[in-house]
Amino acid sequence: MYDASGSFTFLYQKITDMGHQSNSNSKLYTLIVVFFFWGFVAASNGIFIPFCKSYFVLTQFQSQLIDLTFYGGYFMGSLALFLFSRYKGIDFLNKIGYKKGIIYGLILSAIGAAAIIPSVNMGSYPLILCSYFIIALGFSLQQTCAWPFIIALGTPETGAHRSNLAGSLNSLGTTIGPLIVSYVLFGGIDGSAKNASILSISYLYAGVSISFLLMSVYFAFSTLPHIQNDDHIEPGIGALKYPQLVLGMIAIFVYVGVEVSIQSNMGALLKLPDFGGYNESQISKFISLYWGSLMIGRWTGAIGVFNLSKTSKRLLGIVVPYMAFGVVLFVNHLNGNDVSQLYVYGICIALMIVANFWTQEKQSRSLLIFSLFGCVAMLVGLFSTGQVALFAFLSGGLACSVMWPCIFSLAIQGLGKYASQGSAFLIMMILGGAIIPPLQGKLADVSSIGIHASYFITVLCFAYLAFYAFRVKVILKSQGIDEDRMESVGH
């Protein structure tokens, strides 16, 4: 029914024609650098918010407008890109190529970061929000280009492994970004918002802006290929005729929503007596462990990108997760947190390792197994209390860790000339992170439900992701794309 070669065939052919595997590796490493900056900035928002709340005398809701503006920018950027392409009768990204798209996105984010400096000095919170919106617009353009680009830098069946490698660097940015920003703004990890100065804010975002500009220059002179598709694209929204994309858009919406919702509502959960009755200072290490869980899973998933023997991969599949866990513990130790309570989480990591071995490095199989892993973890959390329930809910981070690359890769597989259009639609669905968490919060406010029982919504989310994993395999097979017959090898 559809072209079985899909988006990856014409992209991969253009890549392989340009050199040997070593050259492809260098291009991959060049591209994933930008992923670090996404994580660095996004995670650092949580450090900048207390400054704004104190400096501008804001309510908690008003201070949270930074996150709302930031993630809303992703949706608006992707929507604007789609509308522009549709009404101009061209696919903008196919016309300019993914490489230029990333460069333009970096420049746009640099402008947004630079705009924060006069906004803070003028004492205008609305202008700060506008600046964050511009940064997010740049990120939206970068991600719309970078994800299909990185999947194209190798064989289709190993696209998710390369995405996991990129995601692992993104997670490293989310881990160390807040630490660096704390030192710059507050003079130390334990500093408070009252210690921050306008000058320190200016230095921080001047550095961020310059970094984006330097990255754009670096990309402009890099050896990354100029990938574009000159095929004629019919007017309208042709990408939506592919069911793997439509269902994948819902999957991205649900995935981002459940990933954010688990931790966003965890603070209220941990204050319950049945969950330890923790105060704010004691909660931080658990939130840190949740986000660190994504790094643990992504580091593990990235192993498949390298040309290694099966024995080496299995050995690293055991060692790497605990190395990543060690990084999470070390970062928490630097923050002054008592990490002894977190050691037992090693059991959850062991279960993730077993699940990872079952995936056999297949994208749909990985998504199915980790979705079921998430379902079971959430059910254990719902029907228990105390540390068992706490670590079960935290395991949701391990379940979510490899989902984005799997969903993204499966959703645009077979789209051919509509790959960039499909990519823009998928980035729009980051909106799920702004919808599902407050939906769970509303349920938690219902006296007959409460915060603990409200986590049933996470079970429904993981259940849909399991459905998508099963359904997309059938859809792709009907289009002549049989994942089970692809040889899963390194990059």
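The sequence shown: position 207 = 207 (the working numbering), numbered continuously. Heads up, the beta-carbon is just placed ideally off N, CA and C, and yes, glycines get one too. Computed from a predicted model, the values in this text were never measured in an experiment.
### Task
Report the rounded CA-to-CA distance for Val181 versus Leu204, giving the unit in angstroms.
8 Å
### Task
Taking all protein chains shown into account, decide if Pro437 is buried (16 or more other Cβ within 10 angstroms of its Cβ) or exposed.
buried
### Task
Since I believe Ile66 is in contact with Val120 (beta carbons under 8 Å), could you give me their beta-carbon distance rounded to a whole number of angstroms?
Wrong, their Cβ atoms sit about 13 Å apart, outside the cutoff.
### Contiguous beta strand (DSSP E) assignments of at least 3 residues, all confined to the region 56 to 107
none
### Query
Along the chain, where does the alpha helix (DSSP H) that runs through Ala259 open and close?
The amino acid occupying residue 259 in the given sequence is Glu; Ala does not appear at that position. Run containing Glu259: 243 to 264, per the alpha helix (DSSP H) assignment.
### Query
Going by beta carbon distance, what residues of the same chain come within less than 6 Å of Asn332, once the five residues before and after it are set aside?
Lys285, Ser288, Val339
### Task
Could you say which of Gly123, Ile430, Cys375 lies nearest to Val459 if we only look at CA atoms?
Cys375
### Query
Is Ala424 buried or exposed, if buried means 16 or more other CB atoms sit within 10 Å of its CB?
buried
#### Entry: Between the CA atoms of Ser447 and Val380 - distance to the nearest angstrom
22 Å
### Message
Among Gln421, Gly97, Leu394, whose alpha-carbon lies nearest the alpha-carbon of Ile219?
### Response
The residue asked about is misnamed: residue 219 is Phe in this sequence, not Ile. With distances taken between Cα atoms, Phe219 lies closest to Gly97.
#### Entry: Continuous alpha helix (DSSP H) stretch holding Pro437: start and end
432 to 445
#### Entry: Gly450 versus Ala114 - alpha carbon distance
43 Å
### Message
According to DSSP, simplified to helix, strand and coil, what is Leu308?
### Response
coil
### Message
I need the straight-line Cα distance from Ser293 to Ile252, nearest angstrom please.
### Response
19 Å
### Task
Tell me whether Ser423 sits in a helix, a strand or coil according to DSSP, three-state version.
helix
### Query
Starting from Ser209 and walking both ways along the alpha helix (DSSP H), at which residues does that stretch end?
198 to 220
#### Entry: Simplified DSSP assignment, three categories, for Phe504
One cannot answer for residue 504 here, as it falls past the ends of the chain, which runs 1 to 491.
### Task
Classify Phe370 as buried or exposed, calling it buried when 16 or more other Cβ atoms lie within 10 Å of its own Cβ.
buried
### Query
By the 10 Å Cβ neighbour count, where 16 or more other Cβ atoms means buried, how is Leu476 classified, buried or exposed?
buried
### Query
Among residues of its own chain, excluding the 5 on either side of Leu108, which ones have a beta-carbon nearer than 7 Å to its beta-carbon?
Ile134, Leu137, Gly138, Leu141
### Message
Give me the residue from Ser131, Ala389, Met429 with the minimum Cα distance to Tyr455.
### Response
Ala389
### Message
Check this for me: beta carbons of Met403 and Leu465, under 8 Å apart or not?
### Response
yes
### Query
Looking at Ile296 and Ala324, is the spacing between their C-beta atoms short of 8 Å?
yes
#### Entry: For Tyr494, the three-state DSSP class (helix, strand or coil)
With the chain represented from 1 up to 491, any question about residue 494 goes unanswered, as that position is not in the structure.
### Query
Is the Cβ-Cβ distance between Ala166 and Phe35 less than 8 Å?
yes
### Query
What residue range is occupied by the uninterrupted alpha helix (DSSP H) comprising Phe408?
403 to 412
### Task
Assuming Ile430 contacts Tyr104 (C-beta within less than 8 Å), just tell me the rounded distance between them.
Not quite, the Cβ-Cβ distance comes to about 19 Å (not below 8 Å), so this is no contact.
### Query
Taking buried to mean at least 16 other C-beta atoms within 10 Å of its own C-beta, is Asn307 buried or exposed?
exposed
### Query
Out of Val41, Ser264, Phe383, which has the shortest C-alpha to C-alpha gap to Ile435?
Ser264
### Contacting residues, own chain, Cβ-Cβ under 6 Å from Leu316 (five flanking each side not counted)
Ile303
### Message
Alpha carbons only, please: which of Leu58, Thr30, Ile481, Ile457 is nearest the one belonging to Ile262?
### Response
Ile457
### Query
Looking at C-alpha atoms only, which residue of Gly112, Gly386, Tyr125, Leu410 is the closest neighbour of Ser211?
Gly112
### Task
Thinking Gly39 and Ser171 are a contact (beta carbons under 8 Å), I'd like their distance in whole angstroms, please.
6 Å
### Task
Give the single residue among His452, Arg471, Leu81, Val474 whose Cα lies nearest to the Cα of Pro273.
His452
### Task
Could you spell out where the alpha helix (DSSP H) holding Thr359 opens and where it closes?
346 to 359
### Message
If contacts are defined as beta-carbon pairs under 8 Å, then Ser202 and Ile128 qualify, I think. What distance do you get, rounded to the angstrom?
### Response
At roughly 13 Å, the Cβ-Cβ gap does not stay under 8 Å, so Ser202 and Ile128 are not in contact.
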